[in-house]
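Residue numbers (my numbering): -17 to 358.
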């Protein structure tokens, strides 16, 4: 019951803070305000950990979920606002290389810092410094664009407040955004349930370990290799495949790739394969998600209006994604408690959801074409 309550609150936290907060701000004030907010939070956490405030670790854990979704969604909202459809389709796969490479690079940098004896919360200052540099880059880009676009009137548009209805209302009144929200919801349910299936299979396979310490070592080694391989494959797909899919197949190439891979992944799981095959199937799915599908998620916002790029995107990338977490957990609870579903049963469930996902993706690609004109 505690976790059900936590996930209900978790799904509404970002929209309440972020979706309505930009209603009367222009884009740079909104971007600056959000980054400064997170900078202040980091310094408060730093002071709190130094002072030994009890229970702060859990609060920080919850806060990181807000930070990770909101700042990334804001960056892509800004990128969508800057570029039109043809430019975005050319540049987004390249820009996403940096996003894909950032995750393993950040993890790689922490290892020598820990070995050097730096305490975990001292690294908050490194993150704060990176956020400041991030904000400076926003300012530099904004000034350059202001000079280039002054004659066309784009500067005045960039300074206009993001008025109008909130993010949820924008989604509910736009059939295209409704399809996009459903796609994100089903995607997250399928992927989160898949992680549960992988973990469950791993625990069953490691049950023969002689001691709890040995079991812990097996699980840790498995996930270390699993996450590293996923990151490397995702980077390779982003660098060498994503842009070519967009170039030769258009938006459909990147939007349809992941549901097709997922159908293959859970088809393999439903056949009752062992952990070794399941591991590679899930690596393929996650690597495609973190690279090709990540590019698709951002490109799908290119034909939307400014207020939709900032407000509706925040609602979709936070509330809808977190709702997928909650619904996946609910499905696992119901499936294990009332239907005694095993790995193969949940894999079949994901196959059904995958078919729904593919259908929604096809409809979304068609609507994207009608909103954006002929595909490049």
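For each residue, glycine too, the CB sits at the ideal point set by N, CA and C. Small disclaimer: the values here were computed from a predicted structure and weren't measured.
8 Å contact criterion, which residue i and residue j should meet: CB distance rounded
i: residue 342; j: residue 168; result: 7 Å
i: residue 245; j: residue 311; result: Going by Cβ atoms, the distance from residue 245 to residue 311 rounds to 23 Å, so no, they are not a contact pair.
i: residue 103; j: residue 40; result: With a Cβ gap of about 14 Å, residue 103 and residue 40 do not count as contacting.
i: residue 285; j: residue 353; result: 4 Å
i: residue 113; j: residue 21; result: 6 Å
i: residue 9; j: residue 60; result: 7 Å
i: residue 302; j: residue 81; result: About 20 Å; that fails the 8 Å criterion.
i: residue 30; j: residue 38; result: 5 Å
i: residue 236; j: residue 228; result: 6 Å
Sequence-distant residues of its chain with Cβ nearer than 7 Å to residue i (five each side left out)
i: residue 328; result: 175, 179, 317
i: residue 223; result: 274
i: residue 264; result: 176, 180, 247
Same chain, Cβ closer than 8 Å to residue i, five either side skipped, listed in chain order
i: residue 86; result: 210, 213, 214, 217
i: residue 257; result: 183, 184, 187
i: residue 25; result: 106, 110
i: residue 62; result: 70, 280, 283, 284, 286, 291, 295
i: residue 13; result: 56, 60, 117, 120
i: residue 321; result: 327
i: residue 84; result: none
Sequence-distant residues of the same chain with beta carbon closer than 6 Å to residue i, five excluded per side
i: residue 309; result: 171
i: residue 349; result: 158
i: residue 3; result: Confidence at residue 3 is low in this model, with a pLDDT of 49, below 50, so the placement of that residue should be treated as unreliable; the coordinate-derived value is given next. The answer is none, since no qualifying residue turns up.
i: residue 355; result: Note that residue 355 scores a pLDDT of 44, beneath 50, so its modelled location is shaky; the value from the coordinates is reported in the next line. Counting only Cβ-Cβ distances below 6 Å, and skipping sequence neighbours, we find nothing.
i: residue 117; result: 17
i: residue 234; result: 347
i: residue 339; result: 168, 241
i: residue 313; result: none
i: residue 268; result: 212
8 Å Cβ cutoff met for residue i and residue j
i: residue 57; j: residue 297; result: no
i: residue 293; j: residue 152; result: yes
i: residue 277; j: residue 243; result: no
i: residue 281; j: residue 74; result: yes
i: residue 225; j: residue 76; result: yes
i: residue 261; j: residue 208; result: yes
i: residue 332; j: residue 248; result: yes
i: residue 299; j: residue 78; result: no
i: residue 155; j: residue 254; result: no
Where in the stretch 147 to 204 do unbroken runs of the beta strand (DSSP E), each at least 3 residues long, occur, reported from the N-terminal end onward?
Listed in chain order, there is nothing to give.
Length at least 4, wholly inside the stretch 207 to 285: the alpha helix (DSSP H) runs in chain order:
Taking only runs of at least 4 residues, the alpha helix (DSSP H) segments lying wholly in the stretch 207 to 285 are 225 to 231, 233 to 237, 239 to 252, 257 to 270, 276 to 281.
Ranges of the beta strand (DSSP E) found wholly within the stretch 23 to 99, counting only runs of at least 3:
Secondary structure in the stretch 23 to 99: no beta strand (DSSP E) run of 3 residues or longer lies completely within the stretch.
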